[in-house]
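So the sequence lines, in the order shown, correspond to chains L and W. So that you can map any letter, position 119 of the first sequence is 119 in the numbering used here, and since no number is skipped, the others follow by simple counting. Throughout, the numbering used here is defined as the position within the second sequence, counted from one, plus 1000. What follows is a set of notes on a single structure, which appears directly below.
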Amino acid sequence: MKPYATKKTYKKIALVFSLCLLILWGVLGTGASLAWFTDTSPEINNIFHFADFDLTVSYFDENKEWTEIEADTTIFDNHALYEPGYVQIVYLKVENEGTVPFNFLTAVNVNGCIEATNAFGQPFMLQDYLKFGVITNIKEQDILSGTLDREVAKNNATITVKEIADMPLHNYATTPAFLPSKGEAYIALIVRMPEEVGNIANYRGTTVPKVELGVTVKAEQIVN
Amino acid sequence: MKKLYTRFFHIPKHEKIGEKAMLVRVATTIATIVGCLIAMSLTAYAYFSCDVSSVLNVIQAANFDAQIAITDENKTLVEPSAKEGKISTFIFTVPGTYTVTLGKGTSSAQTGFCVLYIGEDTYHTQQIGVDIGANNQNREYVSFTLQVKGPETVKIESHWGTSSHYDYTENECYIVDSRPLKVIVVGTATNTVTDTDEVTTTTTTKTEISVSKTAETTSTTTIEQSTASTTEHTTTLSTETTTTVSETSVTKTTESTIPTETTSVQTTTFPQTTNITETTTVSHTAVSVTTTVSDETTTENVVTTEQTQPVSETTAVDTGASTA
């Protein structure tokens, strides 16, 4: 028997043995854990199952119906033209269709802006002359009855809307809000151009000033 | 590459495994374990979080650029002398009545208005388009009349928004689209004295010039008359002319009977001295006479001059003038 062959064999055997022990350890550990967390008592008190996490967001479309938002859905009217006093409100419905409660937040992102020339020949960015706001405690009844829309239509923008939607348009996120399982929440997004905006944002030429806006509703599991 | 492989990865068959090769294998194993742990964590996080996005929203602006149409009494369109940005400049040189019509044109904004700059005055128009202050009435045009009395520059600026947000005085500097059309008087007539000038002086000037004349001469008389009036004419007189300066009143109408050529400038200076030389010149100097002359002004100046040769004589002119 050659000594080299014996050494090699020993090494192989040792390696195989180590692997088997590793596998045995894993099996023992997993089995013990499973046994620890299961009980065959007639009253099932300890159920270990994976949580179901599901978020659905819909928007109130022009047909006065809730339409689920997909990846290519635009919730703002892309044909709307903003001028002093113009207000656009978008209503969102957030539903927790999962089995665990979560915290959710609404984020607005300015993804891009096209610069244009104003009446005085100066370059300007449209987002500098827009205001926006988010209302998170709105009721569905107010949305369906058009309460906020009527207030806005009364006189361009009421004081209420002016107070709420008074932030410059920029990247923004609300604070997380709790939503229980099978719960619903309603959000109003308001984007407006104040009435006092003068010819400094009245563009001339062929380049139309634009702002590309992204809206994201994000839900996160509650950490105990 | 072969060197690297030999140094860090190759385990010779019949030799002891190198230290570096061993370290590489251990590091690779650890890195794989760490990578799996990270992937598991991220997967768990992704499983228990969710988001819905709408990223294709576009916010765009409207614009307002009014369509301006100005026509004169003959319905001829008046073109702007300059247009910069939203401001169109119109220069009126011919007095008359002009109709101004402002419309939305190709503006994409729902409403807007115009600001007129006439001298030191600023006018704002009613809303052109949707007037929220008038139950959302849609007003296509705002028209008014400009009564031009004299040369004037008018600038018209297109402005979006609502005119009620800017300072204006209703009824006076606010232009509404009404029937009959609102009239705005601009400019100052060139041959008028200001309406505030009242005749405070009454000047009676009688000038007699008599010069013996022995030969026929043709004299050129230059009458310079300075008054507050801007009417001017120069006269070329024949041999026989008489000059009388009549009393001036609030409305002075004078007829010019000077048969000779008249130009547009007439100035009279008083007192006067007459030096008759070979070419006779008669100059009249008058005290300041304030007259109010209507648009149609005719001047009556009858100058009587008798001239004789030799022309080297110097004749003093007696002028009798009284001012009140």
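Just so it is clear, CB atoms sit at the ideal spot from N, CA and C, and this is done for glycine as well.
- Contact between L/GLU220 and L/VAL94 is absent: CB atoms are separated by about 13 Å, not below the 8 Å threshold.
- Between L/ASN171 and L/ASN109, the gap from beta carbon to beta carbon is short of 7 Å.
- Beta bridge pairing from DSSP links W/TYR1047 with no other residue.
- Not a single CB atom of chain L sits nearer than 7 Å to the CB of W/GLN1137.
- The residue from L/VAL208, L/GLY133, L/ALA119 with its alpha-carbon nearest to that of L/VAL197 is L/ALA119.
- In the same chain as W/VAL1130, and ignoring 5 residues on each side of it, the C-beta atoms closer than 6 Å to its own belong to GLN1110, THR1111, ASN1136, ASN1138, in chain order.
- For W/TYR1005, the enclosing alpha helix (DSSP H) begins and ends at 1002-1008.
- Here W/ILE1068 is near W/SER1088, since their CB atoms are less than 7 Å apart.
- The beta carbons of L/ASP77 and L/LYS131 sit no closer together than 7 Å.
- Contact annotation for W/ASP1051 against chain L: LEU55, THR216, VAL217, LYS218, ALA219 [CB-CB distance below 8 Å, chain order].
- Contact check between the region 1058-1065 of chain W and the region 1034-1044 of chain W: fewer than three CB pairs, one atom from each, fall below 8 Å, which does not count as touching.
- The DSSP-derived three-state label of W/CYS1173 is coil.
- The region 131-147 of chain L and the region 1022-1034 of chain W do not touch, with fewer than three beta-carbon pairs separated by less than 8 Å.
- Within the region 154-217 of chain L, the complete beta strand (DSSP E) segments of 3 residues or longer fall at 177-179, 184-192, listed in chain order.
- Non-local C-beta neighbours of W/VAL1185 in its own chain, meaning closer than 7 Å and more than five positions away in sequence, comprise GLN1147, LYS1149, ordered along the chain.
- With a cut-off of 8 Å on Cβ pairs, the region 1115-1126 of chain W is in contact with the region 1157-1167 of chain W, counting three or more such pairs.
- The C-beta distance from W/GLU1152 to W/CYS1114 rounds to 17 Å, too long to meet the 8 Å contact threshold.
- As DSSP reads the structure, L/TYR86 sits in no beta bridge.
- For W/GLN1067, no alpha helix (DSSP H) encloses it; the enclosing beta strand (DSSP E) starts and ends at 1067-1071.
- Per DSSP, the beta-bridge partners of L/LEU105 are L/LYS218.
- Taking 9 Å as the cut-off between beta carbons, the residues of the region 1106-1122 of chain W near chain L are SER1108, ALA1109, GLN1110, THR1111, GLY1112, in sequence order.
- Bounds of any alpha helix (DSSP H) do not take in W/LEU1146; it lies within the beta strand (DSSP E) bounded by 1141-1148.
- L/ILE222 sits close to L/ASN103, with the two beta carbons spaced by under 7 Å.
- Of all residues in the region 76-109 of chain L, only PHE76, ASN78, LEU81, TYR82, GLU83, PRO84, GLY85 place a beta-carbon less than 7 Å from a beta-carbon of chain W.
- At a Cβ-Cβ threshold of 7 Å, W/VAL1052 and L/VAL57 count as neighbours.
- Under the DSSP assignment, W/ILE1128 falls outside any alpha helix (DSSP H), being part of the beta strand (DSSP E) whose first and last residues are 1128-1131.
- Around W/PHE1092, the same chain offers VAL1148, GLU1152 as residues with beta carbons nearer than 6 Å, after the five sequence neighbours per side are excluded.
- Using a CB distance cut-off of 7 Å, L/ALA185 does not count as an interface residue toward chain W.
- Here L/LYS93 carries a strand assignment [DSSP, helix/strand/coil].
- DSSP places W/LEU1102 outside any alpha helix (DSSP H); the residue lies instead in the beta strand (DSSP E), whose first and last residues are 1096-1103.
- Put simply, the CB of L/TYR203 is near chain W, with a gap under 7 Å to one of its CB atoms.
- In the structure shown, L/THR30 falls within a helical segment according to DSSP collapsed to helix, strand and coil.
- Interface annotation, W/LEU1056: in contact with chain L, CB-CB separation under 7 Å.
- Using beta-carbon distances, L/LEU189 does not count as an interface residue toward chain W, since no partner is under 7 Å.
- In the three-state reduction of the DSSP assignment, W/VAL1078 falls in the coil class.
- Proximity to L/PRO194 across L/SER33, L/THR147, L/LEU126 peaks at L/LEU126, based on C-alpha coordinates.
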